[in-house]
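Notes follow once the structure below has been shown.
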Amino acid sequence: MVEWPSGNSRRGNSRGNTGRGSSSRGGSSRGNSRGGRGKGNSGRGNEASDICFDYQRTGECRRAQCSFSHGEPSSSNNQQPRQRREESAIQEHARVNYNKWKRIIKREPVVNDTHTMKLLWTDALGILNDDDREWKQMLPRDLDSDELHGAKHILALLQMKSGAGGARMFIVLAQPFLEVMVHQAILDCLSIDTFVGRLYNLISGSNGSRAIQFFQSLLSNLLEAHDFFVSTSTQNIERVLVAMVTCLRELLRREHRALFNDSVVDTVNSIENCVEVIGIDKKTVTATVIGTRMQEIRGMIARAKGLLDEGEETPINGVSTSVVVSTYPRDIIMPSNRHDNDKLDITEIEIVPTEDEIRSDSPEFLPSTDPDQPHYISDQAARLLDTHFRLLRHDVFGELKAALGSLIVAVEDDPSILGRHKPDLGNVRANLYHNAWVQYITFDDRRDLQAEISFTPPAGLRKKSVKDRSKWWDESKRLDEGILLCMLSYSHSKCTPLFLFVTEKRTDPKSKYNLVSHDHQATIIAKLATQRQKDLDTLIRLSTEKTEAVLIEIPGVLLATVSPILENLQNMHKLGRLPFRQWILPDRTRNSRSILDVPPPLYARKPGFAFSLSPILKDESSGDLRIDPSTCSVNDTNLVDKIELLTELDRGQCEALLAALVREFCQIQGPPGTGKSFLGVKLVKVLLHCMKKQPGPIIIVCYTNHALDQFLEHLLESGIEKLIRIGGQSKSSILEGKNLRVVSKGESQTKSERYLLAKAYESLEIKAKFINSSLAKLSKTKDQPDYKSMEGYIARHYPHIHRQFSRFDDEGFEQVGGEPFDLWLKKKGKQTTDSQATYTVDQLLATASLNIHALSIASRFRLVDHWKNAIRETIVDDLHEAVRSSELVRQNIHNIHDDVDRRVLQTAQIIGVTTTGLARKISTLRHVNSKVIICEEAGEVLEAHLLSTLLPSVEHVVSIGDHEQLRPQINNFKDLSLESRAGTLYQLDRSQFERLSVGQNGRSRLPVAQLNIQRRMRPEISKLINRIYPELIDHGSTKVYPDVVGMRQNVFWLDHEKFQDDGLNQEHKTMSHSNQWEVEMTAALVRHIVRQGEYSSSDIAVLTPYSGQLQKLRNHMRKDFEIVLSDRDQDTLVKDGFIAPDSDHEEKLDQTSDRKALQKKKLSELLRQVLISTHNFYT
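Under UniProt numbering, the residue at position 642 of the sequence shown is numbered 642, and the numbers go up by one with no gaps.
Here's what the structure looks like:
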C-alpha cells in the first residue's frame, strides 16, 4: 500500500531558471557565428519580403510590434497560401497518445490513485521512447506549465510513503518517473532545457531536501523488496539504481545548494550500501556505470564543501601515495586573494586578466605537473585539471600581464609614454594605434553590445589612396576578427586597461565605421572581452569623456580558441568529472616498469559482443573474422597472424588494431611513414560496423585544421559519406558540403522550437529598445548640461532644488527669456569661487537646497557634474542588468539552434572537429551520446586540450601519434617548456600521449602499440633514426627507390669551416642563428637539382632549424624561386621579429619592389620551390 500525506502541497515561487549553463564568460563570440540562422529582415527564407516570416510558417505572429504584413501575399508574387501538411498515420497515432497523456495532467492528482500515477509516468516514458520529437519536446513544457497540474502530480509522487507490503508498488511507481527524468530526450534536448531545469528545481525542493527524502524512501523500499519479494528481480532494482544515481547527479549539477544539504552524504552512503547489499557484480556494466557516477557525485560534494585538501591517500602495495613535501619550492605562495583574481578555486578565476591582477606584483601560483610535487589539492583528478588550467592560462596571458603591468606603472609616472611611437611591451607581439577613442556604443539582437573604436592609422597609410588603403587592410592580418585588443586609457592620473576583441573589420569605404574612408582616422568594431560590470563602466566612460588612449592589438591571442578550453576545464573541475582517470593518472606502485592492464570499452563488455573485421577483409566472400574483446589478447600471435593474412594491414598495424579494439583507453605510436592514417581509416570502418546497433557517432579530433581535413578526406575516399565537419576553418573543397553549417540548414525546427524562438526574439527586441534608449541617454551626458535629461533625477532626489528651477514663481507668473536652469548655470553667483572651492558635494547640495543662486559658477558646474555622474551610474547599472538579461535570452536562442545541430550530428557516422572546436561546441556535443573518440596527431596536442575532449558519454578513446616527433606548441617556451631550465617543473609542452607512453617515476605505464614498418625513407635515411626507433623495419618498396638525379650520393654530409654570421644583425643575434655561406650554397644546390628537370615543388624541401636562417634563405631564394612558407613558419618569423606582420613604418608601406612577394599557396598549385623550418616539416 502507498500513502500520501493529507493536503495538497503547492510548489513554491522560487522556481527560477536553473537551466544548463545560461551564463557566459568573457571571450565568447557565439552570437556572431550563426550565419543567418537567426532573426533578420533579410534572408529570412520568405520570398514575399513584406510577409511576416513567423506568420507565413505558422499562421500566427506573437510579436507585439511586427513591421511585416500578416495578410495574404500579393498576387504579383504568385504565391499560394501555405498549406498544412497532411498528417501521416504514425503522426496521428503519436498525437492521439500524447493528448490522452495530457488529459491526465489536466486533472489534479487524487490521493491513493496509484493506477493513474502509474499510467501517467509509463505513458510519458512511452512518448519519450517514440520517434516523434514534437511531442517529446512538448512533454516537459506541459509538465512545467502553470495552466496544467503536472507539478502537483510530481509532488504527489515525491511525497508518497509506503505502508506495510507497499515496497513493490513504491518501486513500480518510482521507476518510470525516474526514467522519464533522466531520459536522453529530456536531458539532451537543449531547446527545452529551461523547462527541464525548472522541473529539477521542483524535485529538489529547498536545498535538495525534497529529493533527498524521496531517494532515502526509495532506497529503503529497494532493500525491503530485495529481502522479501522474489518477484522483484535484481534487474529491475539495478535499473532503478542507475536511474536514481543519474537523477541525483543531474540534480546536484543543476541545484548547487543541494550539495550543502546535511543529508546528501548520508544518501550517497546509503546508495553505495544498497548496491553492496543487493550484490551487484562489480564486473558488470551496471556496476561500472553506478560507480562512475557515484565518483562524480562525491567529487562535486567534496569540492562544494571544501574537502579537496582533506582527501585520504590509499596505500598501494605498502607504498603511500602522499607527495614528498621536502622537494617543494618554499618561496612559492599559495593563491590567497592577493588580488581580485587570485583564487584557490579555478572555477572562480576570470579567464581574461583583471586590472587588479595586471597591477599586482605577487608571483602567480603555478603548480607543477609532477604529481610528486605538493599541491594544496590532494585529489589527483582535481589537481590535474587545476594544474593545466593555471599553466595554460599563464602561457596565454602571463607575459602580456607582466608587460601591461609595467607599462601601466610607467604611464602613470610619465603620461607622455602613451604618445610614443611604440611603448615598451617586452617580448609581447603587439601593434599599437594612437589617439584611440570610442565613437559609439550600439546594441542589436544579432551582435549584442558593440563599440566603434576610432584611431589614427599607421603613418604610411595616410598618404595612400582609399583603394590602396583598402587593399592593404584586406591583405593584412591586422585587426582580423577575433583578435584581442587592449585599450589603454589615461585619465585623472590613472591608467586603465580594457580588453576587447574584434568582431568586424570593414574595408569597404561605402560601409559605415570603416578603416579606409579617412586619411587620419580608421574605425574598427569590437566587443568587450568580458561581462564584468567594471569593464562596461569603463567602456561607457571612454565613450562619454575625452580621454587619451592607445589601442593595443595582441595578434597572438584569439579568445575564441583559448576561452573554450579553459572554460571546459573549469566546468570539469566544478563537476568533479574526469573520465578514464585510472589510466590518465596511474597510481603509485613499487614496480614502475609495470604495464597497466586496460579492459575493453564499456559498450564492448556486454555478453555476446564482438567486433567484426568484415569491412576491412581483402576478400569479404571468405567469411568473417570476429574479435571478442573479453577473451582476445594483443599478445595472441595466432590471431595477429590471421588478421595480417586476411587484411591489407602489416603486422605492426594488425597489433595496433587489435590493441585499439580491446582497450578502452589506447595509445598507438606511429613513427614517420608507418601508415598512421591508413590504420586510422581501417579502425574507423571496424568501429562503424559494430556501431550500427550502438547510438552516437564517432568523433575524430585533431589539433590542427589541416590534419583534420586530411584525415576526413581519407575517410571520404574510403566510402564513408555520413560525415560532418564542425568549424569554419576548413580549407578542403571536398568537405564544403559536409560542414555542419551547411548540413544543418536542411533540418527543420519543431513547432515548439518555432514558438520558443518567436517569444525569445520578441523579448530580445524589447530589451534592445531599452538598451538603445539607455545608450542614447548616456550619449547625451557627454554634451553640454541638458536640463531635460536631468530634471527627473533632480525632482526625485532633490525636490527643494527642483522647485527653484521652475518657470513659475509662487504667484503663478511664468519666467520668460530662456530655461531657468540654463540662465542659472551662466549667471554669476553671489559668492566668490575661492570660498566654495573646499566645499564637499554634500555642502554644495545643502547650500543649493536653500538658494541655488548662492553657488559660484565653478560650484554650479561641480554640482552639475555630480548630477551627471550620478545619472550615468544609474543608467549604467540598469544597462548592465539589461545586457545580462538579454544574454540569458540569447542563450535560450542559441540552445534552440544548437539542438537543431545536435539532431543533425546524431544522424552522422563521423563527426570531425578540432580540439578547440570541440570545446566551443561542448554544450551540443555532450548530448550527442558519442561513445568513441579518436585523436589524430595526439603527440602534438596539449594535455589541457585532450582533457577537454573527454565527453561524459565517451567509453572508448584511441590516441594515434608520435611523441618522438613534434611536441605541442606553447607561447612561453622560456618558463614552461620541458626543454628549458625553468620549465622542467611545469612541462606544459609535454603531451598526455608522451607522458603516458614514457611513463612517470613510481607509476605504472600505459601500454603503447607501435607501428614498426615504414614506407617513406630509403634505408640510408631510416638508419639515422634507429636509435629513436630501434624496432623500425624498412618496407621492401623503400629499397628500390631510384637515385637522386644530379647527385653522386643520395645522402651526403657537407662539413665546412665557414663561421656563422656575427654582429650583422644586432637586433636578432641572441634570438637565432644564420650563416650566409650556407645560404648561398643551399640556393646553388637547389638551382642545380631543379635544372635536372626531374623534380616538382613537392619533391624538394629545404629545412633549417633556425628562424634567422629561414629568413635569409627566403630573401635569397625568392629571386629565382617562388617561396612558400607554412602558417607556422610565417608566425615564427613574425614572432622572432624578422618580418613585421604588416609593418607600420612609412618606408615599408611605400616600397615598390619588383621581387616576388612571399606567398602561401597549396603545394599542388606550385611549380617551384618549398622552404620550411625543420620543426614544422614532420607533420
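No residue lacks a Cβ here, since even glycine has one placed at the ideal position from N, Cα and C. Note that the coordinates shown come from a computational prediction; the quantities given were computed from them, not determined experimentally.
Test item: CB-CB of A526 and Q450 under 9 angstroms:
In the sequence shown, residue 526 corresponds to position 526, counting from 1. In the sequence shown, residue 450 corresponds to position 450, counting from 1. Their beta carbons are under 9 angstroms apart, which means A526 touches Q450 by this criterion.
CA-to-CA distance, A382 to T292, given in whole angstroms
Walking along the sequence shown from the start, residue 292 turns up at place 292. Walking along the sequence shown from the start, residue 382 turns up at place 382. The straight-line gap from Cα to Cα measures roughly 15 angstroms.
Out of curiosity, what's the CA-to-CA distance linking R1118 and S1074?
Translated into the one-based positions of the sequence shown, residue 1118 becomes position 1118. Translated into the one-based positions of the sequence shown, residue 1074 becomes position 1074. Between the C-alpha atoms of R1118 and S1074 there is a straight-line separation of about 17 angstroms.
From L202 to A211, what does the alpha carbon distance come to, in whole angstroms?
In the sequence shown, residue 202 corresponds to position 202, counting from 1. In the sequence shown, residue 211 corresponds to position 211, counting from 1. Annotation: L202 to A211 spans about 9 angstroms, alpha carbon to alpha carbon.
Sequence-distant residues of its chain with Cβ nearer than 6 angstroms to K1058 (five each side left out):
Working through the sequence shown from its first residue, we reach residue 1058 at position 1058. Only W1077 meet the Cβ criterion.
In the DSSP assignment, what are the bridge partners of Y433?
Here residue 433 corresponds to residue number 433 of the sequence shown, with the count starting at 1. The beta-bridge partner set that DSSP reports for Y433 consists of L551.
Taking the alpha carbon of P629 as the point to measure from, which residue in V662, L613, K606 has its own alpha carbon closest?
Residue mapping note: residue 629 aligns to position 629 of the sequence shown, counting from 1. That would be V662, whose Cα lies nearest to the Cα of P629.
According to DSSP, residues forming a beta bridge with P497
Walking along the sequence shown from the start, residue 497 turns up at place 497. Bridge pairing for P497: L488 [DSSP].
Residues bridged to Y440 by DSSP?
Here residue 440 corresponds to residue number 440 of the sequence shown, with the count starting at 1. DSSP output for Y440 lists E452 as bridge partner(s).
Note down, one range per segment and in chain order, each alpha helix (DSSP H) of at least 4 residues found wholly within the segment 996-1027.
Within the segment 996-1027, the complete alpha helix (DSSP H) runs of at least 4 residues fall at 1019-1022.
Residue environment, G299, which counts as buried when at least 16 other CB atoms sit within 10 Å:
Taking the first residue of the sequence shown as 1, we reach residue 299 at position 299. G299 comes out buried.
Distance, M487 Cα to K471 Cα
Looking up residue 471 in the sequence shown gives position 471. Looking up residue 487 in the sequence shown gives position 487. In a straight line, the C-alpha of K471 is about 26 angstroms away from that of M487.
Work out the CA separation of T194 and R581 for me, nearest whole Å.
Here the question's residue 581 lines up with position 581 in the sequence shown. Here the question's residue 194 lines up with position 194 in the sequence shown. In this structure, the straight-line span from the alpha carbon of R581 to that of T194 is close to 32 angstroms.
Buried or exposed (CB count within 10 angstroms, at least 16 for buried), W473
If you number the sequence shown from 1, residue 473 lands on position 473. With 16 or more other Cβ atoms inside 10 Å of its own Cβ, W473 counts as buried.
Cβ-Cβ distance between L385 and L947 below 9 angstroms
Walking along the sequence shown from the start, residue 385 turns up at place 385. Walking along the sequence shown from the start, residue 947 turns up at place 947. It is a contact, given that the beta carbons lie within the stated cut-off.
Answer with buried or exposed for M334, where buried requires no fewer than 16 other C-beta atoms within 10 angstroms of its C-beta.
Reading the sequence shown from its first residue, position 334 is the one you call residue 334. Counting other Cβ atoms within 10 Å of its Cβ, M334 stays below 16 and is therefore classed as exposed.
For P968, collect the residues of the same chain with a Cβ closer than 7 angstroms to its Cβ; drop the 5 residues on either side in sequence, then sort them by chain order.
As a working mapping, residue 968 is identified with position 968 in the sequence shown. Once the five neighbours on either side are set aside, the close Cβ partners of P968 are E940, V941, L942, D989, S991.
What does the Cβ neighbour count give for Y1041, buried or exposed, with the cut at 16 atoms within 10 Å?
Numbered from 1 along the sequence shown, position 1041 holds the residue referred to as residue 1041. By the neighbour-count rule (16 or more Cβ atoms within 10 Å), Y1041 is not buried but exposed.
Once the 5 residues before and after L218 are set aside, which same chain residues still bring their CB inside 6 angstroms of it?
On the sequence shown, position 218 is the one that residue 218 refers to. These residues qualify, in order along the chain: A174.
For a test of the three-state rule: what should DSSP assign to H1068, helix, strand or coil?
The residue given as residue 1068 occupies position 1068 in the sequence shown. Residue placement at H1068 is flagged as unreliable, the pLDDT there being 40, under the threshold of 50; a coordinate-derived value is accordingly withheld.
Of the residues D962, H963, V932, which one's Cα is nearest the Cα of T949?
Stepping through the sequence shown from its first residue, residue 949 is reached at position 949. Checking every option, the nearest Cα to that of T949 belongs to V932.
Taking contact to mean at least 3 C-beta pairs separated by less than 8 angstroms, is the segment 393-413 in contact with the segment 504-515?
Contact between the segment 393-413 and the segment 504-515 is absent, because fewer than three Cβ pairs lie under 8 angstroms.
Can you tell me whether V1051 is buried or exposed, with buried defined as 16 or more other CB within 10 angstroms of its CB?
Counting from 1 along the sequence shown, the entry for residue 1051 is found at position 1051. Burial call: exposed.
Got a sec, what are the start and stop residues for the beta strand (DSSP E) H956 sits in?
For this step, residue 956 is matched to residue 956 along the sequence shown. Residue range 956-961 is occupied by the beta strand (DSSP E) that includes H956.
So the candidates are L723, N337, E399, A659; which of them puts its Cα closest to the Cα of P599?
Here the question's residue 599 lines up with position 599 in the sequence shown. When only C-alpha atoms are compared, the closest one is A659.
Candidates H226, L148, D898: closest to I278 by CA position
Here residue 278 corresponds to residue number 278 of the sequence shown, with the count starting at 1. Ranking the options by Cα distance to I278, first place goes to H226.
For H714, collect the residues of the same chain with a Cβ closer than 6 angstroms to its Cβ; drop the 5 residues on either side in sequence, then sort them by chain order.
For the purposes of this step, residue 714 is taken as residue 714 along the sequence shown, with counting starting at 1. Hits under 6 angstroms: S677, V681.
Tell whether a beta-carbon distance below 9 angstroms holds between V172 and E250.
Mapped onto the sequence shown, residue 172 falls at position 172. Mapped onto the sequence shown, residue 250 falls at position 250. No, Cβ-Cβ distance for V172 and E250 is not below 9 angstroms.
Tell me where the beta strand (DSSP E) around residue 1182 begins and ends.
Past the edges of the chain, shown from 1 to 1179, lies residue 1182, and the structure says nothing about it.
CA-to-CA distance, R1005 to S959, given in whole angstroms:
As a first step, residue 959 must be located in the sequence shown, where it is residue number 959. As a first step, residue 1005 must be located in the sequence shown, where it is residue number 1005. Those two C-alpha atoms are separated by around 15 angstroms.
On the three-state DSSP scale, how would you describe S612?
Position 612 of the sequence shown holds residue 612. Residue state for S612 is assigned as strand, using DSSP reduced to three classes.
Which one or two residues does DSSP pair with I724 in a beta bridge?
The count along the sequence shown starts at 1 and reaches residue 724 at position 724. I724 is bridged by DSSP to I911.
Taking the alpha-carbon positions, what's the K868 to A795 distance?
Residue numbering aside, residue 868 sits at position 868 when the sequence shown is read from its first letter. Residue numbering aside, residue 795 sits at position 795 when the sequence shown is read from its first letter. Using only the alpha carbons, I get a separation of about 14 angstroms.
Got a sec, what are the start and stop residues for the alpha helix (DSSP H) C690 sits in?
To locate residue 690, count along the sequence shown from 1; it is residue 690. Run containing C690: 676-690, per the alpha helix (DSSP H) assignment.
Rounded to the nearest angstrom, how far is the Cβ of H388 from that of L569, given a contact under 8 angstroms?
Looking up residue 388 in the sequence shown gives position 388. Looking up residue 569 in the sequence shown gives position 569. The Cβ separation is near 6 angstroms, so the contact holds.
For C654, I'd like the list of residues in its chain whose CB is within less than 8 angstroms of its CB, leaving aside the five on either flank, ordered along the chain.
The residue given as residue 654 occupies position 654 in the sequence shown. Excluding positions up to five away in sequence, the list reads V640, I643, E644, T647.
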